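*Asks:*
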Amino acid sequence: MTVFFETELGRVFLADALHLAAPPFQINQSILIMTSPPFGLVRKKHYGNVDADKYLEWLTFASHFKRILKTDGSFVIDIGGSWIPGQPIRSLYHYELLIMLCKEFGFHLAQEFFWWNPRNCLRPLNGLI
């Protein structure tokens, strides 16, 4: 974990979320946790993503985030969806995750954000682009 940015108002840490709950983080100390964990996908990636059907169990470490956030703090998580293998339908794991975070860990869903990365759409297709 490293201090990524610092001002008189506070510090921004760059860290693996699995280690975020370790000292120096204490109860009710942080105002923002922003994370982009590996998505629960069907195919394995080089960064070690967990399968979508095991994702909720894997992400239970998010319970520590509630402990270190101030009562008026925010938890922002970037999660992506996946498709059911061999079918034209999406997995529901990312919706189940949001429900788990609210019902089991006491978070509140304030807003969903959707984004599109046009660079992913410009990948060469068999060298044609």
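Each residue of the sequence shown is one higher than the one before, counting from 1115 in our numbering.
We put the beta carbon where it would ideally sit given N, CA and C, even for glycine.
All of these numbers come straight from a predicted model, not from anything done at the bench.
Label residue 1221 either buried or exposed according to how many other C-beta atoms from any shown protein chain fall within 10 Å of its C-beta, with 16 as the threshold for buried.
*Replies:* Looking at its Cβ environment, which holds 16 or more other Cβ atoms inside 10 Å, residue 1221 is buried.
*Asks:* Do you know offhand how far residue 1143's Cα is from residue 1174's?
*Replies:* Distance between the alpha carbons of residue 1143 and residue 1174 is about 20 Å.
*Asks:* Would you decide whether residue 1211 is buried or exposed? Buried here means 16 or more other CB atoms lie within 10 Å of its CB.
*Replies:* With 16 or more Cβ atoms within 10 Å of its Cβ, residue 1211 is classed as buried.
*Asks:* Under three-state DSSP, which class holds residue 1180?
*Replies:* If DSSP states are grouped into helix, strand and coil, residue 1180 belongs with the helices.
*Asks:* Out of 1151, 1119, 1170 and 1204, state which residue places its alpha-carbon closest to the alpha-carbon of residue 1133.
*Replies:* Out of 1151, 1119, 1170 and 1204, 1151 has the C-alpha closest to the C-alpha of residue 1133.
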